[in-house]
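Residue numbers (the UniProt record's numbering): 1 to 192.
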């Protein structure tokens, strides 16, 4: 596989529905990054990583949103370089977790979701695998994977139909919100 000379690929950190995530080193700065790689089909008008890069650029500045370093597209694949993070909340929660830690994670994610919503988006795939711990501060949790996020439509709230656009459920069914199952629109995403 060929990645532009500005990155040296290391080990595979994970796989997803749309591609692979590698640990990579940015040649110019020596910075270690997470590099997401996805195949590009000539038939697809909106590539997942280009869209995710655009969304992340709009969300920058919040402590629970990873820093992005670059996006690129070659003939058969695209890539997104971003802040390298640690294990997921799912991986960290293998034993009993103190209540104080749980409350901290919830507060951080509510703050992140509020920021995402104020910037005009709904994430659409909130799950423990998409909440990663910071490498520099393991008590800090980051929200990742904005490839299937959606811009909030303006105007009066509409009934949300998860099957409307693609005729299949978007995101992870097991972790989708009760509001999505009940057909309530994105205007109530943060309602608890």
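Quick reminder that beta carbons are idealized off the backbone N, C-alpha and C, glycines included.
Per-residue burial, residue 107 [other beta carbons within 10 Å of its own, 16 or more giving buried]: As a working note, residue 107 is residue 107 in the chain shown. Exposed is the call here.
Quick one: what's got a C-beta closer than 8 Å to residue 7's C-beta in the same chain, skipping five residues either side? On the chain shown, residue 7 is found 7 positions in, with the first residue counted as 1. So the list reads 24, 25, 26, 27, 33, 35, 79 and 81, once near-sequence residues are dropped.
On the criterion of 16 or more Cβ atoms from any shown chain inside 10 Å, does residue 30 qualify as buried, or is it exposed? The count along the chain shown starts at 1 and reaches residue 30 at position 30. Residue 30 should be labelled exposed.
Inter-stretch contact at 8 Å, needing at least 3 Cβ pairs: the segment 64–76 / the segment 101–117: yes
Simplified DSSP assignment, three categories, for residue 151: Indexing the chain shown from 1 puts residue 151 at position 151. Correct three-state label for residue 151: strand.
So the candidates are 152, 147 and 154; which of them puts its Cα closest to the Cα of residue 37? Within the chain shown, the letter at position 37 stands for residue 37. Comparing Cα positions, the closest option is 147.
Quick check: the segment 89–109 against the segment 45–60, are at least 3 beta-carbon pairs closer than 8 Å? no
What are the boundary residues of the beta strand (DSSP E) that residue 38 is part of? The residue you call residue 38 lines up with position 38 of the chain shown. First-last of the beta strand (DSSP E) with residue 38: 32–39.
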